[in-house]
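Asker: The working numbering numbers the first residue of the sequence shown as 188 and each following residue consecutively. Every residue gets a Cβ at the ideal spot worked out from N, C-alpha and C, and that includes glycine.
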Amino acid sequence: MRSRLRSKERVFLEAVGRGDKATVVRCLQPPDPVDVNVRTALGRSALTTAVTMENVEIVEILLKQDGIRIGNALLHAIREGVYRIVEMMVNHPSITPDMLGAGWSRVAPESEDFSSCVTPVMLCAQLNQFEILHLLLSQGATIANPHKPGCECTGCKGSNKDDSLRHSIVRIETYRALASPSWISLTSSDPVLTAFKLSWDLRHLATNEREFKESYLNLAEQCRKYPVELLDQCRSSVELNSILNQACDDDEDVNDDEEEDEDDGIDEDHQKPSLYRLKLALKYEQKQFVAHPHCQQLLTSMWHEGLPGWRRRSVFARLLMVMSLMTLMPIVAVCYVISPRSRMGRFTNYPFIKFASQAGSFAVFLILLTMASPREENMTNRRGPPPSTVEVLIVFYVAGLVWSECKQLWNQGMHLFIRDYWNWLDFIMNSLYLATISLRVVAYVRVTAGTDFPMETERKNWPSDDPTLISEGLFAVANVFSFFRVIYLFQTNPHLGPLQITLGSMLLDVGKFLSVFFLIMASFAVGFSQLYGFYRDTEVCEDEGGQRVCRGNPTEFLTFDAAVMTLFWSLFKLIGQETLDMEEKNAFLVSTGSLLLAAYQIAAVVILLNQLIATMADSFQDIDTHADMEWKYARTKLWLSYFDNGTTLPPPYNVIVTPKSIYYFLKVRGRDFYWRMRARCPGCTTKDAGMAGEGPDVSGEAGQSPVGNYAPSGTG
188 MRSRLRSKER
198 VFLEAVGRGD
208 KATVVRCLQP
218 PDPVDVNVRT
228 ALGRSALTTA
238 VTMENVEIVE
248 ILLKQDGIRI
258 GNALLHAIRE
268 GVYRIVEMMV
278 NHPSITPDML
288 GAGWSRVAPE
298 SEDFSSCVTP
308 VMLCAQLNQF
318 EILHLLLSQG
328 ATIANPHKPG
338 CECTGCKGSN
348 KDDSLRHSIV
358 RIETYRALAS
368 PSWISLTSSD
378 PVLTAFKLSW
388 DLRHLATNER
398 EFKESYLNLA
408 EQCRKYPVEL
418 LDQCRSSVEL
428 NSILNQACDD
438 DEDVNDDEEE
448 DEDDGIDEDH
458 QKPSLYRLKL
468 ALKYEQKQFV
478 AHPHCQQLLT
488 SMWHEGLPGW
498 RRRSVFARLL
508 MVMSLMTLMP
518 IVAVCYVISP
528 RSRMGRFTNY
538 PFIKFASQAG
548 SFAVFLILLT
558 MASPREENMT
568 NRRGPPPSTV
578 EVLIVFYVAG
588 LVWSECKQLW
598 NQGMHLFIRD
608 YWNWLDFIMN
618 SLYLATISLR
628 VVAYVRVTAG
638 TDFPMETERK
648 NWPSDDPTLI
658 SEGLFAVANV
668 FSFFRVIYLF
678 QTNPHLGPLQ
688 ITLGSMLLDV
698 GKFLSVFFLI
708 MASFAVGFSQ
718 LYGFYRDTEV
728 CEDEGGQRVC
738 RGNPTEFLTF
748 DAAVMTLFWS
758 LFKLIGQETL
768 DMEEKNAFLV
778 STGSLLLAAY
788 QIAAVVILLN
798 QLIATMADSF
808 QDIDTHADME
818 WKYARTKLWL
828 SYFDNGTTLP
838 PPYNVIVTPK
848 SIYYFLKVRG
858 RDFYWRMRAR
868 CPGCTTKDAG
878 MAGEGPDVSG
888 EAGQSPVGNY
898 APSGTG
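(1) For Y523, which of A709, K541, V577 has the nearest alpha-carbon?
(2) Compare the Cα-Cα distances from M558 to each of S575, R569, V415, S548 and report the closest residue.
(3) Taking 8 Å as the cut-off, does the stretch 777 to 796 touch the stretch 492 to 508 (at least 3 CB pairs, one atom from each stretch)?
(4) Which value, in whole angstroms, describes the spacing of the CA atoms of S461 and S848?
(5) If you compare alpha carbons, which of A801, V269, S325 is closest to L373?
(6) So for E396, helix, strand or coil by DSSP?
(7) So L389 and C410 are supposed to be a Cβ contact under 8 Å. How far apart are they, rounded?
(8) Starting from D805, trace the alpha helix (DSSP H) in both directions and tell me its first and last residue.
(9) Going by beta carbon distance, what residues of the same chain come within less than 7 Å of L486, once the five residues before and after it are set aside?
(10) Taking just the CA atoms, how far does C311 sit from A202?
(11) Given this structure, state the Cα-to-Cα distance separating V211 from L323, to the nearest angstrom.
(12) Under 8 Å between the Cβ atoms of Y463 and Q420?
(13) Within a Cβ cutoff of 8 Å, which residues of the same chain sit near E267, ignoring the five residues on either side of it in sequence?
(14) So is N278 buried or exposed if we call it buried at 16+ other beta carbons inside 10 Å?
(15) Tell me E643's beta-bridge partners as DSSP assigns them.
(16) Take L626 and list the residues in its own chain whose beta-carbon comes closer than 6 Å to its own, dropping the five residues that flank it on each side.
(17) Quick check: what's the CA-CA separation for E318 versus G337?
(18) Less than 8 Å between the CB atoms is what I'm expecting for T623 and F662, so what's the real figure, rounded?
(19) Using the Cα positions of V855 and H334, report the straight-line distance between them to the nearest angstrom.
(20) Report yes if the C-beta of N598 is less than 7 Å from at least one heavy atom of the ligand ADP; otherwise report no.
(21) So V697 is in the alpha helix (DSSP H); what residue range does that whole segment cover?
(22) Quickly, what does DSSP pair S176 with across the bridge? List them, please.
(23) Just to confirm my understanding: we take A393, look at its own chain, exclude 5 residues before and 5 after, and list those with CB closer than 6 Å. What are they?
(24) Report the residue from S591, K470, V713, D285 whose alpha carbon sits nearest the alpha carbon of V751.
(25) Going straight from the alpha carbon of S828 to that of D607, what length do you get?
(26) Please state whether the Cβ-Cβ distance between V577 and L555 is less than 8 Å.
(27) Tell me which residue opens and which closes the alpha helix (DSSP H) that L745 is part of.
(28) For L907, which residues in the same chain have their Cβ closer than 7 Å to its Cβ, ignoring the five residues on either side in sequence?
(29) Based on Cα-Cα distance, which residue from L469, R205, C304 lies nearest to R358?
(30) For Q475, which residues from the same chain have a beta carbon less than 6 Å from its beta carbon, with the 5 sequence-adjacent residues on both sides left out?
(31) Pick out whichever of G496, V634, P378, F552 has its Cα sitting closest to the Cα of P838.
(32) Quick one, are the C-beta atoms of V243 and R271 less than 8 Å apart?
(33) Roughly how many angstroms separate the alpha carbons of G547 and L588, rounded to a whole number?
(34) Report the residue from D815, N617, H682, N832 whose alpha carbon sits nearest the alpha carbon of Q483.
(35) Rounded to whole angstroms, what's the CA-CA distance from L527 to W490? Just pull it up for me.
(36) Could you give the first and the last residue of the continuous alpha helix (DSSP H) run that contains M531?
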């Protein structure tokens with residue numbers, strides 16, 4: 188650009204700024220027309236000035252001139268949101284569909300207002316200009332999905348090597364456009380699923396690219412709000428059901444070949460909502476969507492199905508009903524086994540009834556564990572004792588619990604199963620019980636076979652690796668996990684549920700604290716063991732009352748293991764300073780040990796413990812503000828586990844092999860056999876296919892959950 192403007196060019200630019208149409212036309216007329224692309228001293232073209240002033244007539248005049256270069260004026264028009272101006276520019280012969288997207292950087296210069304990586308369609312999506320974005324999409328504009336971080340393709344490797352910062356900025360700008368509500372609404376055939384997946388991917392990007400964590404988390408939050416705002420627009424139950432029950436078109440996300448579960452007791456004519464979208468929301472951790480009042484109202488009505496007026500009843504009436512169900516559970520189970528489609532069988536399959544029966548069954552299991560603790564006096568010294576009546580009942584309960592977990596793992600799949608930490612607790616608890624039962628069997632066989640020392644002997648004479656001793660220890664630990672599992676049932680209570688969620692979230696702070704604390708404790712334990720380890724075998728002998736008495740040194744810090752335990756118990760003031768005294772009366776040694784112990788107390792107690800208290804207080808305040816949403820999200824996961832068919836009978840009744848189970852087993856095996864025979868018979872007609880359903884069971888899983896084979900897409 189020339190350093191100085193001619194007088195006529197200055198008049199032309201001023202006329203454009205004033206909106207003087209006559210002067211602009213006169214300046215552009217021959218024989219001495221002004222260059223239409225002339226720029227001001229600040230680098231702004233006349234077209235950009237007219238766009239900023241939103242003067243449609245001036246813009247129309249300028250676009251009719253030969254050689255007009257639109258450039259970043261199109262981006263300014265999109266930012267101003269003037270549809271008519273954008274439409275004229277897009278329809279200009281110099282603008283091609285490729286220039287609206289990826290080809291923009293080749294024709295538009297870098298400016299102080301816009302980066303060359305921001306294309307017109309990206310800017311329009313970022314600004315959520317719905318009508319203008321629809322116009323650009325109709326012209327063929329597109330946005331390419333960015334590659335995952337760490338992509339090894341040639342383009343990503345070259346771009347990252349040339350300018351890694353620009354490579355990251357391009358990805359962020361692209362995701363800002365893709366996360367736009369207008370872009371999702373106009374380009375996606377399933378906007379809710381798209382928002383779920385994009386939110387999930389953005390949260391994982393925030394963990395992979397921590398330099399831009401805040402930007403990615405903000406975009407993820409924007410995607411989470413989009414389906415929530417769609418729920419806000421629902422005005423009736425019909426509209427709500429159309430959103431929550433919409434089947435997924437992607438076979439990767441939803442398995443539509445839902446089979447009837449072997450424990451199914453629902454009549455075929457009784458259609459229950461599928462809740463596909465709600466299950467997707469749980470999979471992609473869309474807590475705001477799940478906790479929305481519209482969703483919760485529908486879930487509450489489904490949860491109390493078959494119990495009209497339950498919420499209006501008193502606490503005493505509810506408790507009385509649950510106790511009655513627990514008492515009559517053996518009779519109800521027999522009725523269900525005999526006739527699962529009877530009125531009693533359908534009543535047993537209601538979600539709340541299934542939950543109440545399983546909660547009552549687990550309460551009986553805890554009572555049995557309490558009764559199994561004491562033993563007869565004549566059995567305390569017996570190795571490998573035979574099981575008592577209570578222990579036999581516990582074995583049946585454990586078998587039912589293990590079978591229930593196996594079915595849950597089969598229906599959900601490994602990925603979803605391990606994402607629930609309560610399943611980890613159940614796995615540990617059941618593993619401990621199975622190990623206890625196995626060791627009891629081993630001890631009983633060894634004792635009865637007579638290959639070991641006598642059956643009756645005092646416990647102090649038992650070897651430390653005795654199977655009975657180990658089984659008792661594992662049984663005690665398993666009982667702790669069993670009683671702790673009662674907290675899981677608190678999620679259904681509006682008072683205890685939020686408290687349980689808050690306490691569970693604060694455990695993360697405790698875990699972070701322990702990682703630092705054990706590092707400090709190990710460092711001091713090494714120092715103490717190095718300091719006192721040389722005096723492990725020394726003794727000091729003195730004459731006391733005519734007798735020679737030899738004393739050894741305290742053993743608290745002589746080894747690394749002992750030092751770790753001593754430092755741990757010193758936090759609770761169970762270890763005093765006398766443990767540092769040595770029989771050698773070495774003042775320097777004792778002083779050094781005292782300084783180390785004082786430094787440890789300051790670092791571990793004064794600093795770390797108080798920091799933990801402050802961190803937990805801040806976390807409590809942060810979690811408490813979202814406790815209701817977190818509780819409703821956790822409660823929904825619990826509720827949905829009872830909405831699906833199956834898990835009707837609680838342990839230990841679920842181990843009963845019913846005629847219906849045999850029927851479904853033979854049905855599945857017969858169908859598999861039929862399709863294997865068809866594969867060997869190419870001449871068979873398709874008409875015979877109706878004898879065994881519409882097609883083979885490609886999944887091979889009876890009772891597959893609608894979302895059983897989910898695996899997060901993209902970076903998830």
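Answerer: Reading from the atomic positions:
(1) K541
(2) Closest option to M558, Cα to Cα, is S575.
(3) no
(4) Distance between the alpha carbons of S461 and S848: 23 Å.
(5) S325
(6) coil
(7) 7 Å
(8) The continuous alpha helix (DSSP H) containing D805 extends over residues 797 to 811.
(9) T823, W826
(10) 29 Å
(11) 29 Å
(12) no
(13) V238, T239, E241
(14) exposed
(15) Bridge partners of E643: R569.
(16) P654, I657, S658
(17) Our two residues, E318 and G337, have alpha carbons roughly 36 Å apart in a direct line.
(18) That belief holds up - the Cβ atoms of T623 and F662 are roughly 5 Å apart, short of 8 Å.
(19) Straight-line Cα distance between these residues: approximately 43 Å.
(20) Absent from the structure shown: the ligand ADP. Ligands present: none.
(21) Looking at the DSSP string, the run of the alpha helix (DSSP H) that includes V697 is 683 to 719.
(22) Shown here, the chain extends from 188 to 903; a query on residue 176 therefore has no answer.
(23) Answer for A393: K400, Y403, L404, listed in chain order.
(24) V713
(25) 12 Å
(26) Their beta carbons are under 8 Å apart, which means V577 touches L555 by this criterion.
(27) It is not in any alpha helix (DSSP H) - L745 carries neither H nor E in the DSSP assignment.
(28) Summary: the structure shown does not reach residue 907, with the chain confined to residues 188 through 903, and so no result is reported for it.
(29) The residue with the shortest Cα to Cα distance from R358 is C304.
(30) R411, V415
(31) F552
(32) yes
(33) 14 Å
(34) D815
(35) Looking at the sequence provided, one finds Pro at residue 527 rather than Leu. Cα-Cα distance, rounded: 20 Å.
(36) 530 to 535
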